[in-house]
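S.K.: Here's a structure for you.
Protein chains: 2
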Amino acid sequence: MRKVAIVAAGESKFGDRVGKEYEELISEAYLEAMSSVNNIEPKDIQEAFWGSLAFGGSQLGNMSALLVDGINIMGIPTSRIENACASSGYALRYAFFSIAAGINDIVIAGGAEKMQDISRATRLYWFGVGGDIKWERLSGMTFPGNYALMASRHMHEFGTKKEDLAQVAVKNHKFASNNPKAQFQKAITLEQAMKAPMVAYPLNIFDCCPLTDGASCVILCPAEDAKKYTDTPIEIIGAGAGSDHLALYQRESLTRIEGAVKASKMAFDMAKMTPNDINVAEVHDCFTIAEILAYEDVGFCKKGEGGKFISEGLSDIGGKVPINSGGGLKAKGHPIGATGTAQVYEIFHQLRGEHINQVDGAETALTHNVGGTGSSCTVHIFKRMR
Amino acid sequence: MRKVAIVAAGESKFGDRVGKEYEELISEAYLEAMSSVNNIEPKDIQEAFWGSLAFGGSQLGNMSALLVDGINIMGIPTSRIENACASSGYALRYAFFSIAAGINDIVIAGGAEKMQDISRATRLYWFGVGGDIKWERLSGMTFPGNYALMASRHMHEFGTKKEDLAQVAVKNHKFASNNPKAQFQKAITLEQAMKAPMVAYPLNIFDCCPLTDGASCVILCPAEDAKKYTDTPIEIIGAGAGSDHLALYQRESLTRIEGAVKASKMAFDMAKMTPNDINVAEVHDCFTIAEILAYEDVGFCKKGEGGKFISEGLSDIGGKVPINSGGGLKAKGHPIGATGTAQVYEIFHQLRGEHINQVDGAETALTHNVGGTGSSCTVHIFKRMR
Chain E
754 MRKVAIVAAG
764 ESKFGDRVGK
774 EYEELISEAY
784 LEAMSSVNNI
794 EPKDIQEAFW
804 GSLAFGGSQL
814 GNMSALLVDG
824 INIMGIPTSR
834 IENACASSGY
844 ALRYAFFSIA
854 AGINDIVIAG
864 GAEKMQDISR
874 ATRLYWFGVG
884 GDIKWERLSG
894 MTFPGNYALM
904 ASRHMHEFGT
914 KKEDLAQVAV
924 KNHKFASNNP
934 KAQFQKAITL
944 EQAMKAPMVA
954 YPLNIFDCCP
964 LTDGASCVIL
974 CPAEDAKKYT
984 DTPIEIIGAG
994 AGSDHLALYQ
1004 RESLTRIEGA
1014 VKASKMAFDM
1024 AKMTPNDINV
1034 AEVHDCFTIA
1044 EILAYEDVGF
1054 CKKGEGGKFI
1064 SEGLSDIGGK
1074 VPINSGGGLK
1084 AKGHPIGATG
1094 TAQVYEIFHQ
1104 LRGEHINQVD
1114 GAETALTHNV
1124 GGTGSSCTVH
1134 IFKRMR
Chain W
754 MRKVAIVAAG
764 ESKFGDRVGK
774 EYEELISEAY
784 LEAMSSVNNI
794 EPKDIQEAFW
804 GSLAFGGSQL
814 GNMSALLVDG
824 INIMGIPTSR
834 IENACASSGY
844 ALRYAFFSIA
854 AGINDIVIAG
864 GAEKMQDISR
874 ATRLYWFGVG
884 GDIKWERLSG
894 MTFPGNYALM
904 ASRHMHEFGT
914 KKEDLAQVAV
924 KNHKFASNNP
934 KAQFQKAITL
944 EQAMKAPMVA
954 YPLNIFDCCP
964 LTDGASCVIL
974 CPAEDAKKYT
984 DTPIEIIGAG
994 AGSDHLALYQ
1004 RESLTRIEGA
1014 VKASKMAFDM
1024 AKMTPNDINV
1034 AEVHDCFTIA
1044 EILAYEDVGF
1054 CKKGEGGKFI
1064 SEGLSDIGGK
1074 VPINSGGGLK
1084 AKGHPIGATG
1094 TAQVYEIFHQ
1104 LRGEHINQVD
1114 GAETALTHNV
1124 GGTGSSCTVH
1134 IFKRMR
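Which chain is which? The protein sequence lines are E and W, in order.
Last residue of the first sequence? That's 1139 in the working numbering, and every number before it is there in order.
Last residue of the second sequence? That's 1139 in the working numbering, and every number before it is there in order.
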């Protein structure tokens, strides 16, 4: 198995991009990635892997050709991978496989989503797709409602407080406040986070990620070739993934995302590392409770101690593992299919020492990308190449 | 790169399966595959790759967890791959990567589709997804309309006759007539095929594949381990894929599917073979003209000679390369996301010498799976392991 590196990353501006087509959003990401890399021409890219839920826009499916066409690399193998919010995490996984196998030498993995251009009725429909439609959506359950159940149960079992949830929002808005790509470039106070309008108890509007248009991508190659393309590549040293029952009622626990636990173990085993070895991470904070679950599922803290982890500042810069330093899904935004590789975009810049909210001396990193309410998950571990 | 083999294949009954959930359809396929293999338990399967357009059923997306749950292998990495009608062709491609890379030792690739349980309005919507929505579907173009344009142009450029198209339907209905899994288990005459009600000139109802519920799957492992699991594994010796513009108006030619030409070349180069080396094949006959284009794009005959190829019996048993011996999409049926691995199901049995319409001495085979009107394509080449 060949070692695999990432040599470039790009991301569009996130937010309300109504009027921009999928092709234009992915072009923004692609052009940024290509502008920073040496000795790679468009014709050198051999395969493209795209994550998308096809939430909005005009092409609600079979869009992979549209994306390669949009960046003028038509003709190569390409496919859409759809695992709800973990779509481009899986696109990255398959891109990694193709380089590791020796099938390809240079590939692109990314994602694109348009969410702002569709009616409220259609939004509800597509959000339902993140969870189980038959037993949850058609019974009136909403997506925030699902995560509200997890949050309530976490508060009940472990004494997690509403303030702990709010602190996640405060931290991630702070990180987004100086990120020019972020949807919300504005810090909020704990009081604002606590007193915002309720969505589904205990989650208020500041506990929920926004609807976001955006795209992201990364360029991969064999690690042995990486220095030809950039002075500071990053290596993928662990790749894990897992799944769990689609519907919440079938799961063993509401306070653990089993697929994330499995994905983390697989990635750490491959990397021969433990959570203590990670310097910086991006985790899936579609709701504030999701970030707290992630701390525990990945193993940054023990089960039940996620609330303490955020409130003691352990996921802030200067803490044990700074998390979501680009603003996270919560404040940078969550263009569903683009989120997995948008997480890698942050990690890429952290490990190169060039991030807007740089973590000093970051040498290792982790991304954690969850689909739906936890039915799928990918975890990747990275290190800076020397 | 490790060599990769297929050790089992399964397929549900195709046709009108209203009342059966995705989980039940994939179970039928899975149980057939597992019943023929030795020394593989459900817990041995390490990853699952599923093709689906999510055309019908209740879960119109994020369904990968539902499928692993349905066959009781929950917890493993799994994703949905969507490339319209080439979805499970790409699922097979990524499964192949994962074994070739040494990431996994036993995986399942398959697909499932439900198409019979939805309204006519919704059907039109989803069929539109196969082509370009903005410039084709929203201008009133239908999917048969797209292929009718290709057929008309082929007739104009090369003198292909309506009888040539009809002969494809006659051949594939003949092959389906003794296939217990097929949607249409009935032979038709040339006269019936010629005189059926028109859909979009020159394509009548017998030139069009049906709407089909169904599922299929294959089990893959490293070739070096394959004999542990079955006496007669088949090896994947070539894997190619390609793409072309989504909308017909953008393409260089209406009579060539460029993605299929590229996919074929890539697969033949990997296999170190030419089209003359192939003993039996399954090609993507969503419409009769598509099978004629496939003869030419894969290279079984020269450009423009596809009409002659069918009418001279060269794709029938006893001809140069027997094609679609299980009945093809045309008569076995076309459950969109399941079709790619359903083609491999036929090839698997042909190369083991146990097919219902056995081609004597078949040692090598090819599958050709097209997405939409040709925006994506995968081609795989197989040989019987000795």
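The C-beta atom is built at its ideal place from N, Cα and C for all residues, glycine as well.
It should be emphasised that the depicted structure is a prediction, and the values quoted were computed from it without experimental measurement.
1) Are the stretch 895-903 of chain E and the stretch 915-923 of chain E in contact at 8 Å, needing three or more beta carbon pairs?
2) Compare the C-alpha of W:A1016 against each of W:L943, W:A1115, W:V860, W:H1133 and name the closest.
3) In the DSSP assignment, the beta strand (DSSP E) including E:W803 goes from what residue to what residue?
4) Going along the chain, which unbroken runs of the alpha helix (DSSP H) with 4 or more residues stay wholly within the stretch 993-1040 of chain W?
5) Taking the C-alpha atoms as reference points, what is the distance between W:L1067 and W:D1050?
6) With a threshold of 9 Å between beta-carbons, can W:D885 be considered close to chain B, or not?
7) Taking its Cβ as the centre, do 16 or more other Cβ atoms sit within 10 Å of W:D1038, making it buried, or is it exposed?
8) What's the C-alpha gap between W:V1112 and W:N1032?
9) If you measure from the beta carbon of W:D822 to each beta carbon in chain E, is any gap under 9 Å?
10) Take W:V921 and list the residues in its own chain whose beta-carbon comes closer than 6 Å to its own, dropping the five residues that flank it on each side.
11) Indicate the three-state DSSP secondary structure (helix, strand or coil) for E:R873 in the structure shown.
12) Taking only beta carbons into account, state which residues of the stretch 958-979 of chain W come closer than 7 Å to chain E, listed in chain order.
13) Less than 9 Å between CB atoms is the rule here; does W:Q812 satisfy it with respect to chain E?
14) Name, in chain order, the residues that DSSP records as bridge partners for W:C961.
15) Out of W:H909, W:A786, W:N931, W:A1013, state which residue places its alpha-carbon closest to the alpha-carbon of W:T1120.
16) Are W:D978 and W:A758 touching if we call contact CB-CB under 9 Å?
17) Could you check whether E:K927 and E:F767 sit closer than 9 Å to each other, using their CB atoms as the reference points?
18) How far does the beta strand (DSSP E) with E:I972 in it reach, from first residue to last?
19) Which two residues bound the contiguous beta strand (DSSP E) that contains W:S1129?
20) Would you be able to state if there are at least three C-beta pairs under 8 Å between the stretch 1073-1092 of chain E and the stretch 830-844 of chain E?
21) For the putative contact between W:I856 and E:F850, defined by C-beta atoms under 8 Å, what is the C-beta separation to the nearest angstrom?
22) Would you grab the beta carbon distance between W:Y1098 and W:A762 for me? Rounded to a whole angstrom, and I think it's under 8 Å.
23) Using 9 Å as the limit for Cβ to Cβ distance, is W:P1088 near chain E?
24) Should the stretch 954-973 of chain W be called in touch with the stretch 865-879 of chain W, which here means at least 3 C-beta pairs below 8 Å?
25) Check whether the Cβ atoms of E:G810 and E:M816 lie closer than 9 Å to each other.
26) Would you tell me roughly how many angstroms separate the C-alpha atoms of W:I798 and E:S1128, rounded to the nearest one?
27) Rounded to whole angstroms, what is the Cα-Cα separation between E:M908 and E:M894?
28) DSSP state of E:N899, grouped into three classes?
29) Verify the CB distance criterion: does W:Q869 have a CB-CB separation below 9 Å to chain E?
30) Helix, strand or coil for E:I856 per DSSP?
31) Locate the beta strand (DSSP E) running through W:E944, then write down its first and last residues.
32) Shorter than 9 Å from the beta carbon of E:K1015 to some beta carbon of chain W?
33) Output yes if chain E places a C-beta closer than 9 Å to the C-beta of W:E835; else output no.
34) If you measure from the beta carbon of E:D997 to each beta carbon in chain W, is any gap under 9 Å?
35) Within this structure, are the beta carbons of E:C974 and E:V1123 separated by less than 9 Å?
36) How about W:I759: is its C-beta nearer than 9 Å to some C-beta of chain E?
M.R.: Reading from the atomic positions:
1) No, the stretch 895-903 of chain E does not touch the stretch 915-923 of chain E.
2) Sequence index remark: in the second sequence, residue 1016 of chain W carries index 263 (1-based). Nearest to W:A1016 by C-alpha distance, out of W:L943, W:A1115, W:V860, W:H1133, is W:H1133.
3) Counted from its first residue, the first sequence places residue 803 of chain E at position 50. Boundaries of the beta strand (DSSP E) around E:W803: 800-804.
4) The qualifying runs are 1011-1024.
5) Counting from one through the second sequence, the residue named residue 1067 of chain W turns up at place 314. Counting from one through the second sequence, the residue named residue 1050 of chain W turns up at place 297. Approximately 16 Å between the Cα atoms of the pair.
6) Checking the listed chains, one finds no chain B in this structure; the protein chains it contains are E and W.
7) Here the question's residue 1038 of chain W lines up with position 285 in the second sequence. It counts as buried.
8) Within the second sequence, residue 1112 of chain W is the residue found at index 359, counting from 1. Within the second sequence, residue 1032 of chain W is the residue found at index 279, counting from 1. Going from the Cα of W:V1112 to the Cα of W:N1032 covers about 8 Å.
9) Within the second sequence, residue 822 of chain W is the residue found at index 69, counting from 1. Yes - at least one Cβ of chain E is within 9 Å of the one on W:D822.
10) Here residue 921 of chain W refers to the residue found at position 168 when the second sequence is read from its first residue. Closer than 6 Å at the Cβ level, and outside the excluded window around W:V921, lie T1041, E1044, I1063.
11) Start at 1 with the first residue of the first sequence, and residue 873 of chain E comes out as number 120. Correct three-state label for E:R873: helix.
12) For the stretch 958-979 of chain W, the set of positions with a beta-carbon nearer than 7 Å to some beta-carbon of chain E is empty.
13) As a position in the second sequence, residue 812 of chain W is number 59, starting the count at 1. Closer than 9 Å to some Cβ of chain E, the Cβ of W:Q812 qualifies, so yes.
14) The residue given as residue 961 of chain W occupies position 208 in the second sequence. Answer by DSSP bridge pairing, in chain order: W:F1040.
15) In the second sequence, the residue the question calls residue 1120 of chain W occupies position 367. It is W:A1013.
16) Sequence index remark: in the second sequence, residue 978 of chain W carries index 225 (1-based). Sequence index remark: in the second sequence, residue 758 of chain W carries index 5 (1-based). Going by C-beta atoms, W:D978 is nearer than 9 Å to W:A758.
17) Walking along the first sequence from the start, residue 767 of chain E turns up at place 14. Walking along the first sequence from the start, residue 927 of chain E turns up at place 174. Against a cut-off of 9 Å, the Cβ pair of E:K927 and E:F767 comes out as no contact.
18) The sequence position of residue 972 of chain E within the first sequence is 219, counting from 1. For E:I972, the enclosing beta strand (DSSP E) starts and ends at 967-975.
19) As a position in the second sequence, residue 1129 of chain W is number 376, starting the count at 1. Per DSSP, the continuous beta strand (DSSP E) segment holding W:S1129 begins and ends at 1129-1137.
20) With a cut-off of 8 Å, the stretch 1073-1092 of chain E and the stretch 830-844 of chain E count as touching, because enough Cβ pairs lie within range.
21) In the second sequence, the residue the question calls residue 856 of chain W occupies position 103. In the first sequence, the residue the question calls residue 850 of chain E occupies position 97. The Cβ separation is near 6 Å, so the contact holds.
22) The residue you call residue 1098 of chain W lines up with position 345 of the second sequence. The residue you call residue 762 of chain W lines up with position 9 of the second sequence. Contact between W:Y1098 and W:A762 holds, since their C-beta atoms are separated by about 4 Å, short of 8 Å.
23) Taking the first residue of the second sequence as position 1, residue 1088 of chain W is located at position 335. Taking a beta-carbon distance threshold of 9 Å, W:P1088 does not count as an interface residue toward chain E.
24) Remark: three or more beta-carbon pairs, one from each stretch, lie closer than 8 Å, so the stretch 954-973 of chain W and the stretch 865-879 of chain W are flagged as touching.
25) The count along the first sequence starts at 1 and reaches residue 810 of chain E at position 57. The count along the first sequence starts at 1 and reaches residue 816 of chain E at position 63. Pairing E:G810 with E:M816 gives a Cβ-Cβ distance under 9 Å.
26) For the purposes of this step, residue 798 of chain W is identified with residue 45 of the second sequence, where counting begins at 1. For the purposes of this step, residue 1128 of chain E is identified with residue 375 of the first sequence, where counting begins at 1. Their backbone Cα atoms lie some 18 Å apart in a straight line.
27) Translated into positions along the first sequence, residue 908 of chain E becomes position 155. Translated into positions along the first sequence, residue 894 of chain E becomes position 141. Each residue's Cα considered, the two are about 20 Å apart.
28) As a working note, residue 899 of chain E is residue 146 in the first sequence. Residue state for E:N899 is assigned as helix, using DSSP reduced to three classes.
29) Locating residue 869 of chain W in the second sequence gives position 116, where the first residue counts as 1. Between W:Q869 and chain E, the shortest Cβ-Cβ separation is not below 9 Å.
30) Along the first sequence, read from residue 1 onward, the residue named residue 856 of chain E stands at position 103. Secondary structure of E:I856 (DSSP, three-state): coil.
31) Translated into the one-based positions of the second sequence, residue 944 of chain W becomes position 191. W:E944 -> not in any beta strand (DSSP E); alpha helix (DSSP H) instead, spanning 943-948.
32) For the purposes of this step, residue 1015 of chain E is identified with residue 262 of the first sequence, where counting begins at 1. Cβ-Cβ to chain W under 9 Å: yes for E:K1015.
33) Walking along the second sequence from the start, residue 835 of chain W turns up at place 82. At least one chain E Cβ lies under 9 Å of W:E835.
34) To locate residue 997 of chain E, count along the first sequence from 1; it is residue 244. Judged by the 9 Å Cβ criterion, E:D997 is in contact with chain W.
35) Numbered from its first residue, the first sequence carries residue 974 of chain E at position 221. Numbered from its first residue, the first sequence carries residue 1123 of chain E at position 370. If you check the CB distance, E:C974 and E:V1123 do not come in under 9 Å.
36) Your numbering for residue 759 of chain W matches position 6 in the second sequence. Taking 9 Å as the CB threshold, W:I759 stays off the interface with chain E.
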